[in-house]
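Reviewing the structure listed below.
Residue numbers (my numbering): 519 to 847.
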């Protein structure tokens, strides 16, 4: 399998202004911004949007025209977008596959959230076995499991809270899956601390607050700010295994970070929607073809050597809701 790692990049303007009070934090990668844009302004509207206006909107978020064109082409090749010509202009619309991904992402953003207070006490235990000579496959399998919210307990045994859909991993020939509850003698917080990198998880939420808590909106474009805000938050929560909050360290930073996200999103939603309405040129979506284009695996624009933390979920949900996302307003 080909795994894609999307790393944030910083524009020249961002490099000069990042960290200033009221400034929007650096822009994430073009593909991540694109998914947020589609979820906010195309999903459930039954329209196709003119490529030129997509370029204009993403430019406000720090994405170059070249990067936007490349992302549109790549997502079309992967069956996530479809082209629709109207006169001499090219428009892009969603496919059944991208609609499914974006709706899952909306659930993850606005319903599931970052704090797991509803855990029923169930753990999913997953064991896998691959011969030593299949080293690359073992490495890819571990990356897929990590992306799906699993953490290694010991050897080839991995755990995840709740009942994640392991069928989406496409690994049935290599794994055995069980569901169980921890015995009272088990130190669950200690088990979690050994299976997951809790300091790294906590740091993502702490860093999010550091980037955004000083944002006052006075000197920035609300459309660009909202695109970056939602994208930044998505890149955090889609890598969060949603561990049960009662077994996490005291003062776990996810809840205050999530409240900050909701507050800023409410503040930006109206002005961002007004700005987008004045920029986006759309036409009614024609009925899509009955068959989706075959998806092809290819590295993203910021792919780095070696496997990354995201298999299919680089563009969609490895588990429910890792796409992106009209928010509540």
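Ideal placement from N, C-alpha and C gives every residue a C-beta, glycine not left out. Owing to the predicted nature of the structure, the values given are computational and were not obtained by experimental measurement.
Any beta-carbon of chain C closer than 8 angstroms to the one on residue 645? The structure shown contains no chain C, having only a single protein chain.
Below 8 angstroms on the Cβ atoms is my guess for residue 726 versus residue 750; work out the distance and round it to an integer in Å. Yes, residue 726 and residue 750 are in contact; Cβ-Cβ is about 6 angstroms, under 8 angstroms.
Does the Cβ of residue 732 have 16 or more other Cβ atoms within 10 Å, making it buried, or fewer, making it exposed? The residue is exposed, with fewer than 16 neighbouring Cβ atoms inside 10 Å.
From this set, 553, 560, 546, which residue's C-alpha is nearest residue 800's C-alpha? Here the closest residue by C-alpha is 560.
Please classify residue 607: does DSSP put it in a helix, a strand, or coil? In this structure, residue 607 counts as strand in the three-state DSSP scheme.
With a threshold of 16 other CB atoms inside 10 Å of the CB of residue 622, please say whether the residue is buried or exposed. Here residue 622 is buried. Its C-beta has 16 or more other C-beta atoms within 10 Å.
Taking a contact to mean a Cβ-Cβ separation below 8 angstroms, would you say residue 608 touches residue 599 in this structure? No, they are not a contact pair.
Count the other CB atoms within 10 Å of the CB of residue 818; is the residue buried (16 or more) or exposed (fewer)? At residue 818 the pLDDT is 38, less than 50, meaning the model places this residue with poor confidence; the figure from the coordinates comes in the next sentence. Its Cβ being crowded by 16 or more others within 10 Å, residue 818 is buried.
Compare the Cα-Cα distances from residue 691 to each of 706, 713, 646 and report the closest residue. Nearest to residue 691 by alpha-carbon distance, out of 706, 713, 646, is 646.
Per DSSP, what kind of secondary structure is residue 585 in: helix, strand or coil? If DSSP states are grouped into helix, strand and coil, residue 585 belongs with the helices.
Pairwise C-alpha distance: residue 613 and residue 790: Each residue's Cα considered, the two are about 25 angstroms apart.
Taking a contact to mean a Cβ-Cβ separation below 8 angstroms, would you say residue 687 touches residue 728 in this structure? Contact flag unset, no.
Distance between residue 632 and residue 835 (C-alpha atoms, nearest Å): Low per-residue confidence applies at residue 835: pLDDT is 34, beneath 50, and the placement is therefore not dependable, though the value from the model is reported in the following sentence. Approximately 15 angstroms, taken between the alpha carbons.
Assess, as a yes-or-no matter, whether the segment 755-772 is touched by the segment 548-564 under the definition of 3 or more beta carbon pairs within less than 8 angstroms. The segment 548-564 vs the segment 755-772: no contact.
Excluding five sequence neighbours on each side, which residues of the same chain lie with their C-beta closer than 7 angstroms to the C-beta of residue 629? The beta carbon of residue 629 is closer than 7 angstroms to none in its chain, skipping five residues each way along the sequence.
Could you check the C-alpha separation between residue 603 and residue 595 for me, to the nearest Å? Approximately 17 angstroms, taken between the alpha carbons.
For residue 698, I'd like the list of residues in its chain whose CB is within less than 7 angstroms of its CB, leaving aside the five on either flank, ordered along the chain. So the qualifying residues of the chain are 641, 643.
Relative to the C-alpha of residue 585, which residue among 552, 611, 610 is closest? Taking the Cα of residue 585 as reference, the smallest distance to any Cα among 552, 611, 610 is reached at 552.
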